[in-house]
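Chemist: Residue numbers (this note's numbering): 1 to 518. Input: one structure, supplied below.
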Amino acid sequence: MSNNRWLNWVQNEAHEKPEQRPLNKRISSSPGSPSTIMVATALTSSSSSSSSSSSSLTNAPMPTVSNPNNRFITPTKEQFDVILPNPVQCFCGKPAHRTFTSEYGPILVCNNFELNPATTPHKTQSKFVCGFHVHETSWTKFCNAIKGRNHVSIDYVELRSCPLYNFTFCTIFRISNKYDMNPPISLPNCFCHKPVTMRISKADNSISFACKNGDIDGAKKCSWVLPAHQVAFPRPNFHIHNTISHEDYMNKKHETLAAKKATPSPTLTPNSSISNPPASPAEGHQADLLATLSQTSSKNKGTDVSPLSEVCLQQPKPKGMKSLIIPTCVMGKKPSSQPVLSRSSSASSCSLITSPAISSSDAIIVSNTKTEEQKQHSANEKNALLKSELDLLKNENSHLKSTINTLTTNLEILTSKSDRLKTKTSDLQIELHRSKNEFNEQNILRINCQERLSKIELDVVHLMNDNEKLKEEIHVIKEEMAKSGREEEVNKCRLCFTRNIEFCLIPCYHYGMQLTYV
1 MSNNRWLNWV
11 QNEAHEKPEQ
21 RPLNKRISSS
31 PGSPSTIMVA
41 TALTSSSSSS
51 SSSSSSLTNA
61 PMPTVSNPNN
71 RFITPTKEQF
81 DVILPNPVQC
91 FCGKPAHRTF
101 TSEYGPILVC
111 NNFELNPATT
121 PHKTQSKFVC
131 GFHVHETSWT
141 KFCNAIKGRN
151 HVSIDYVELR
161 SCPLYNFTFC
171 TIFRISNKYD
181 MNPPISLPNC
191 FCHKPVTMRI
201 SKADNSISFA
211 CKNGDIDGAK
221 KCSWVLPAHQ
231 VAFPRPNFHI
241 HNTISHEDYM
251 NKKHETLAAK
261 KATPSPTLTP
271 NSSISNPPAS
281 PAEGHQADLL
291 ATLSQTSSKN
301 KGTDVSPLSE
311 VCLQQPKPKG
321 MKSLIIPTCV
331 MGKKPSSQPV
341 LSRSSSASSC
351 SLITSPAISS
361 SDAIIVSNTK
371 TEEQKQHSAN
381 EKNALLKSEL
391 DLLKNENSHL
401 KSTINTLTTN
411 LEILTSKSDR
421 LKTKTSDLQI
431 ELHRSKNEFN
441 EQNILRINCQ
451 ERLSKIELDV
461 VHLMNDNEKL
471 KEEIHVIKEE
481 MAKSGREEEV
491 NKCRLCFTRN
501 IEFCLIPCYH
511 YGMQLTYV
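So this is what it looks like as structure tokens:
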């Protein structure tokens with residue numbers, strides 16, 4: 001596999017810079033040469049013999065959008081293998097090590113950072129690490145979004161916060177974006193004993209590291225080249241982010257949350273807060289109706305009410321009114337031509353008929369008199385019943401009027417409550433909109449601050465590494481001077497050779513140029 005990668009890299013470099021190739025190679029690779037046709041034929045045959053899955057991954061068109069700042073690509077199976085594992089794995093194929101920072105939250109780095117160089121028996125693993133570096137919070141959201149949408153946004157805004165984060169992102173997906181990208185601080189040395197340099201291929205945007213003099217004609221160079229995810233970087237002495245322990249991170253988090261909860265919101269006052277949650281309209285209406293019925297029943301506790309009125313009060317429906325209207329309709333009908341005689345009248349008539357002492361005319365008069373009395377008695381009973389029913393209807397009507405008045409009052413109260421709740425709802429919607437705007441603004445400010453902080457931290461780490469290198473060089477020079485015995489001679493004045501040098505006067509560059517011309 002290494003030879004194939006090397007050949008691919010050489011072919012890409014030769015294709016990008018044809019002026020560095022020999023003349024015969026440039027002539028043979030012309031578009032009309034037979035060798036070019038043979039290579040194209042071989043590539044066509046190999047691509048046709050490949051599997052359908054690989055061809056679909058390589059030949060699938062990338063989704064394009066109108067906005068150039070929101071470019072998308074489709075991840076391959078190899079890239080999904082890096083994203084899908086849970087827990088997250090570094091480039092070494094091991095679970096990533098979690099560190100904590102106050103500014104960026106939890107950060108996932110190479111698993112070898114977990115090893116202590118002073119105590120671990122694996123000296124090689126403790127001295128070298130891979131270039132994996134992601135911010136866990138934003139990386140988790142990003143991976144979940146990829147699993148749902150199946151495409152990658154090249155210009156993910158969280159990549160602005162850290163150049164090492166952007167380096168890991170571009171290494172995994174083989175892309176290049178507009179954000180700053182920086183490899184790990186400590187770079188390995190090539191076969192020339194010089195730090196390697198980072199290269200981005202124009203063909204597939206893959207990142208690799210190679211010899212520094214590889215692009216310089218006539219310079220001494222070597223064949224050191226590796227993809228970015230396979231490079232073993234020396235373990236840095238200084239981290240770009242200031243790491244803290246997990247206990248300190250959780251304590252600061254809890255303290256910040258407690259202080260935020262203790263601070264009241266400036267937009268909401270105690271009077272505007274809702275003490276009790278409003279009940280639903282159906283429940284409120286039922287509660288008011290029950291209260292009204294209980295009040296009316298307590299007011300009329302001393303009055304005699306028949307069971308019929310209680311039923312009517314509990315169920316004020318048209319069904320209860322029909323039973324009261326039916327008797328009036330019956331009374332409105334004309335009586336039948338033949339009178340209906342009761343048992344007593346029939347018995348008396350029979351007795352009169354059978355009695356031989358009473359004449360027929362007297363019997364008819366007596367029967368008519370009794371019939372009229374019975375009719376009058378039944379009419380009086382019906383009138384009394386109608387009067388009682390009328391009284392019941394009047395009482396029911398008065399109760400219904402009081403209920404209507406109570407319900408009207410409750411409706412006005414509920415309407416006022418509804419208006420107040422609508423006003424509070426509109427205020428809360430405005431507050432929610434304001435909070436969303438503040439959250440978006442704070443998110444933008446956070447990313448800007450993290451971006452600036454990462455640049456400052458990166459510069460500081462570079463300066464600290466340069467300081468360490470200078471200290472080592474000074475130490476080596478002092479050792480060489482001590483071995484040669486010229487340390488005291490170098491520190492003495494150049495005129496008297498007795499006193500130590502305290503000040504050094506450096507002439508201007510132009511003064512030296514003037515002396516050379518003179």
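For glycine and all other residues, C-beta sits at the position ideal for the given N, C-alpha and C.
Which term fits N144, buried or exposed, when burial requires 16 or more other beta carbons within 10 angstroms of its beta carbon?
Modeler: exposed
Chemist: CA-CA distance, T408 and H433?
Modeler: 37 Å
Chemist: How is F439 classed by DSSP in three states: helix, strand or coil?
Modeler: helix
Chemist: Is it buried or exposed for H193, if we count other Cβ within 10 angstroms and need 16 for buried?
Modeler: exposed
Chemist: In whole angstroms, give me the CA-to-CA distance for I413 and T423.
Modeler: 15 Å
Chemist: Helix, strand or coil: how does DSSP classify T99 here?
Modeler: T99 falls in the strand class under three-state DSSP.
Chemist: Return the Cβ separation of F91 and F132 in integer angstroms, given the expectation that the two are a contact with Cβ distance under 8 Å.
Modeler: 5 Å
Chemist: Measure the alpha-carbon distance for P222 versus E438 and round it to whole angstroms.
Modeler: Here residue 222 is Cys; the residue named in the question, Pro, does not match the sequence. The straight-line gap from Cα to Cα measures roughly 55 Å.
Chemist: So, at 7 Å on beta carbons, what are the nonlocal neighbours of W224 in its own chain, with the 5 sequence-adjacent residues on each side left out?
Modeler: C190, F191, V196, A210, C211
Chemist: Let me confirm a value: I501 is counted as buried when at least 16 other C-beta atoms fall within 10 Å, else exposed. Which label applies?
Modeler: exposed
Chemist: Within the segment 132-187, note down every full beta strand (DSSP E) run reaching 3 residues or more, in order along the chain.
Modeler: 133-135
Chemist: Return helix, strand or coil for K471, following the three-state DSSP convention.
Modeler: helix
Chemist: Which of the three DSSP states is assigned to N242 in this structure?
Modeler: coil
Chemist: Go to S126, then tell me how far its alpha helix (DSSP H) extends in each direction, as first and last residue.
Modeler: From DSSP, the alpha helix (DSSP H) with S126 extends over 123-127.
Chemist: Cβ of L458 within 8 Å of Cβ of N177?
Modeler: no
Chemist: Taking 8 Å as the cut-off, does the segment 240-254 touch the segment 108-118 (at least 3 CB pairs, one atom from each stretch)?
Modeler: The segment 108-118 and the segment 240-254 do not touch, with fewer than 3 CB-CB distances between them shorter than 8 Å.
Chemist: For a quick check, are the C-beta atoms of I244 and T101 less than 8 Å apart?
Modeler: yes
Chemist: Taking the beta strand (DSSP E) that F80 falls in, what are its first and last residues?
Modeler: Where F80 is concerned, there is no enclosing beta strand (DSSP E), although the alpha helix (DSSP H) it sits in stretches over 77-83.
Chemist: Leaving aside the five residues before and after I73 along the sequence, list all residues of the same chain whose C-beta is less than 7 Å from its C-beta, in chain order.
Modeler: M62, H151, V152, I154, F173, I175
Chemist: Cβ of C493 versus every heavy atom of the ligand ADP: is any distance shorter than 7 Å?
Modeler: What this structure holds is no ligand at all, so the ligand ADP is not there to describe.
Chemist: Using alpha carbons as the reference points, say which of T99, A219, E103 lies closest to E114.
Modeler: T99
Chemist: Could you work out which residue in F128, T171, P184, P234 is closest to D204 when comparing CA atoms only?
Modeler: T171
Chemist: What would DSSP say about K492, mapped onto helix, strand or coil?
Modeler: strand
Chemist: In angstroms, rounded to a whole number, what distance separates the CA positions of P236 and T124?
Modeler: 14 Å
Chemist: Which value, in whole angstroms, describes the spacing of the CA atoms of E158 and L453?
Modeler: 14 Å
Chemist: My output table needs one value for N205: the three-state DSSP class, helix, strand or coil.
Modeler: coil
Chemist: Rounded to whole angstroms, what is the Cα-Cα separation between H377 and E396?
Modeler: 28 Å
Chemist: Only counting the same chain, and skipping five residues up and downstream in sequence, which positions put a Cβ closer than 6 Å to that of P184?
Modeler: G131, F233
Chemist: How many Å lie between V366 and T403 at the Cα?
Modeler: 55 Å
Chemist: Roughly how many angstroms separate the alpha carbons of L428 and Q450, rounded to a whole number?
Modeler: 32 Å
Chemist: Does the distance from the C-beta atom of S186 to that of Y104 stay below 8 Å?
Modeler: no
Chemist: Less than 8 Å separating the beta-carbons of H135 and Y165?
Modeler: yes
Chemist: Look at the alpha carbon of V88 and the alpha carbon of V461, and state the distance between them as a whole number of angstroms.
Modeler: Whole-angstrom Cα-Cα distance: 27 Å.
Chemist: For T197, which residues does DSSP report across the bridge?
Modeler: A210.
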